[in-house]
Each structure stands twice: as C-alpha cells, then as structure tokens.
Amino acid sequence: MLRRLIGDSANALSHEIKTQLVPIVAKRVYQEAAMPAVPVEPYPEPPMPVPPQPDIPPVEEPEPDRLPDEVPTPNPDENDGPPKVLSCFTPLRSRISC
Numbered sequence: 418m419l420r421r422l423i424g425d426s427a428n429a430l431s432h433e434i435k436t437q438l439v440p441i442v443a444k445r446v447y448q449e450a451a452m453p454a455v456p457v458e459p460y461p462e463p464p465m466p467v468p469p470q471p472d473i474p475p476v477e478e479p480e481p482d483r484l485p486d487e488v489p490t491p492n493p494d495e496n497d498g499p500p501k502v503l504s505c506f507t508p509l510r511s512r513i514s515c
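Throughout the sequence shown, residue numbering follows the working numbering, covering 418 to 515 in sequence.
Okay, structure coming up:
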C-alpha cells in the first residue's frame with residue numbers, strides 16, 4: 418500500500434510536471450532562443466554634416482619697428498624744454514645775506 422501511495426504520488430507529480438512545468442520551461446527556452454543574449458540597439462543616425470566655414474586667414478604678428486637689440490632713441494624735441502606742468506606751488510627764494 419505504501420508503494421501504491423508513493424507510486425500514485427509519483428505519477429501525480431509526473432503529471433503535474435508535464436502539464437505545468439514543462440510548458441513554462443519550454444516557453445522560456447523558446448524566448449531565450451528567439452532573443453539574442455545582447456540586446457541590439459537601433460543604429461544611430463549619422464551625425465549632421467558640419468556647415469562650411471568661411472576661409473579666415475591666420476593671424477599674423479605685425480613687423481616690429483625696430484630690432485629687439487636696438488635701444489630706442491628719444492625724440493630730441495621732446496626732452497629739450499622745461500616740463501610743462503601746471504602747479505600752484507611757487508618756489509621760495511633763498512635769502513643769502515652777506
């Protein structure tokens with residue numbers, strides 16, 4: 418009798434496995450086979466082309482007025498006269514008594 422219970426239970430379990438578990442496993446295996454392991458993303462659109470840029474000449478340094486080792490000569494007219502500074506200060510005359 419015990420064997421019959423075990424046998425009947427085994428048959429019932431086998432039937433449950435066949436009717437419920439096998440279709441679930443088969444469906445999952447089918448889905449995994451149908452879908453690749455790595456999801457495929459859509460191809461990105463090509464980047465927009467860069468609009469044409471106007472031709473700009475390179476920046477050039479101006480030619481120096483003198484060579485770097487030359488000392489500039491001062492303007493002779495500039496340094497000959499007294500300074501032209503407006504001032505309210507009048508110098509004091511020194512008194513020398515003899």
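Idealized CB from N, CA, C, for every residue including glycine.
Review point. In this structure, does DSSP put Q437 in helix, strand or coil?
Key: Shown here, Q437 sits in a helix according to DSSP, grouped into three states.
Review point. Could you give the distance in angstroms between the alpha-carbon of V488 and the alpha-carbon of D472?
Key: C-alpha separation (whole angstroms): 40 Å.
**Study point:** Neighbourhood of P499 by C-beta, 7 Å cutoff - its chain only, sequence neighbours within 5 removed
**Key:** So the list is empty, once near-sequence residues are dropped.
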